[in-house]
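If you read the sequences in order, they're chains R and F. Counting with the working numbering, you get residues 13 to 187 for the letters of the first sequence. Counting with the working numbering, you get residues 13 to 187 for the letters of the second sequence. Glycine included, C-beta positions come from ideal geometry on N, C-alpha and C.
Protein chains: 2
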Amino acid sequence: MQHTDFSSMPCPVARGLEQVGEWWSILILRDAYYGVTRFDEFRERLGIAPNMLTRRLKKLVEVGMLERRCYNQHPPRYEYVLTDRGRDFRSVVLAFFAWGNRHFAEEGRAVILIDTVTGKEVEPVLTDPATGNVVEGLRYRVVPGPAATDVIRSRHAKLEQARQRSLPADFSQGK
Amino acid sequence: MQHTDFSSMPCPVARGLEQVGEWWSILILRDAYYGVTRFDEFRERLGIAPNMLTRRLKKLVEVGMLERRCYNQHPPRYEYVLTDRGRDFRSVVLAFFAWGNRHFAEEGRAVILIDTVTGKEVEPVLTDPATGNVVEGLRYRVVPGPAATDVIRSRHAKLEQARQRSLPADFSQGK
DNA sequence: CAGTATCCTGTCCGATACTG
DNA sequence: CAGTATCGGACAGGATACTG
């Protein structure tokens, strides 16, 4: 990315975006969750130019989302398999998937997530495993953590002040 | 975006990326969840160039994530507040957040999500509300939905065939 | 099958200056 | 405070040709 370097930034969202912020990266991972591993299968399914595919795959290997593995000597053939980190990212893609299906499927859902055990469609939600509650609304908030810097703390304090001045009824509306 | 037009594509992930696929969009929304609504507050917190901020805000309003609202006549002053759709996207950002904290916080978490009722840190997971199970592993799969086109179905069938030939032990590994 | 090599275009983004 | 206007650079992404 050609913008400001965010590697120094503490926000995990910004950090994450630096690894997989590109358009194709997400789509490649999406197909990886389908079980796709081969270069040509990616290329064909995604309709992506081969040089771009090379670049994105290389990057994904670099940041530890995929592993380039030789599955055949003579001739040497490689495939791209998910690492633990890459597999763990599936929850993000599925959250995205669920949101997309909720908001951009006026003509019906073309693809759905199912539970193969029950056979039913699943509409996944983000929950707190400790309480079982759905994570939404003002109850859940992002605050400085144990490794917070002074900058973070002061930024957060500034926000709190602004909140005092005008209660954000706007945000709480959505239950 | 200067790449292939995906608006015709049925995948909700691709569709979603078209709305908020840009780098700053996600970060702007992240700050909106903090309660930020004003142009200058966004600019200062994000360190973004004003023209870029204008572009991204405009886009986010266009796609229905934010609403531009006049909060003062004489002089006219505007603020950007989350719509339902924008608020709903928070689960995606939080999934991203959680993943980032799991994988890129070697020196400790600078920010954390907390439950303000219990006061405890929350590590949210994606679950199926119907069964209460965590959505992960091969049990959950994406398949053609009710509005699937022939293209989707045949692509899916093709994948199934490939799966028969080589069971993807790779993907199931990760439990 | 799994890429590499080249060339080109669009646009994301930053920097800076200016305005009601 | 909330932007607009203009400029330039970097790179994502596309198209195409070629290789072991």
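Do the CB positions of residue i and residue j come within less than 8 Å of each other?
i	j	result
F/Phe101	R/Pro24	no
F/Ala160	R/Ala122	yes
F/Arg167	R/Arg50	no
F/Leu171	R/Gly47	yes
F/Leu5	F/Gly98	Because chain F in this structure spans residues 13 to 187, residue 5 of chain F falls outside the shown range and cannot be described.
R/Leu106	F/Val147	yes
Residues of chain R with CB under 8 Å from residue i, in chain order?
i	result
F/Ile37	Per the sequence presented here, residue 37 of chain F reads as Ser, with Ile not at that position. Chain R residues near F/Ser37: none, gap ~10 Å exceeds 8 Å.
F/Ser103	Ala107, Ala110, Trp111, Val137, Leu138, Val147 and Glu148
F/Arg57	Arg167
F/Phe116	Pro24, Arg27, Gly28 and Gln31
Could you give the DSSP three-state label for residue i: helix, strand or coil?
i	result
R/Val73	helix
R/Asn63	helix
F/Pro24	helix
R/Arg57	helix
F/Leu78	strand
R/Leu138	strand
F/Val32	helix
F/Val104	helix
R/Val146	strand
F/Glu118	coil
F/Arg68	helix
F/Arg89	strand
F/Val154	strand
F/Val48	coil
F/Leu123	Note that residue 123 of chain F is Val in the sequence shown, not Leu. The answer is strand: DSSP assigns F/Val123 an E or B state.
Kindly list, in the order they appear in chain R, the residues whose Cβ is closer than 7 Å to that of residue i.
i	result
F/Gly131	Going along chain R, no residue has its Cβ under 7 Å from F/Gly131, so there is no contact; the nearest lies around 10 Å.
F/Glu119	Ala159
F/Leu106	Leu138 and Val147
F/Tyr92	Within chain R, no residue comes near F/Tyr92; the closest Cβ sits about 10 Å away, beyond 7 Å.
F/Arg89	The premise fails here: F/Arg89 is roughly 13 Å from chain R at the closest Cβ pair, so nothing lies under 7 Å.
Closer than 9 Å by beta-carbon distance: list the chain F residues that pair up with residue i, in chain order.
i	result
R/Asp127	Asp140, Ala142, Thr143, Asn145, Val147, Arg151, Tyr152 and Arg153
R/Cys23	Leu39, Arg42, Phe109, Gly112, Ala122 and Val123
R/Pro156	Ala122, Val123 and Ile124
Applying the 10 Å Cβ sphere with the 16-neighbour rule, what's the burial state of residue i?
i	result
R/Gln31	buried
F/Asp96	exposed
F/Asp162	exposed
F/Lys187	At F/Lys187, the pLDDT of 41 sits below 50, so the modelled position is not reliable; the number obtained from the coordinates is stated separately. By the 10 Å Cβ count, F/Lys187 comes out exposed.
F/Gly157	buried
R/His3	Outside the shown range of chain R (13 to 187) lies residue 3 of chain R, about which nothing can therefore be said.
F/Tyr83	exposed
R/Pro88	exposed
R/Asn113	buried
Using a Cβ-Cβ cut-off of less than 7 Å, list which residues of the region 69-82 of chain R approach chain F; keep chain order.
-> none
Residues of the region 162-177 of chain R whose Cβ lies closer than 8 Å to any Cβ of chain F, in chain order | Ile164, Arg167, Leu171, Ala174 and Arg175
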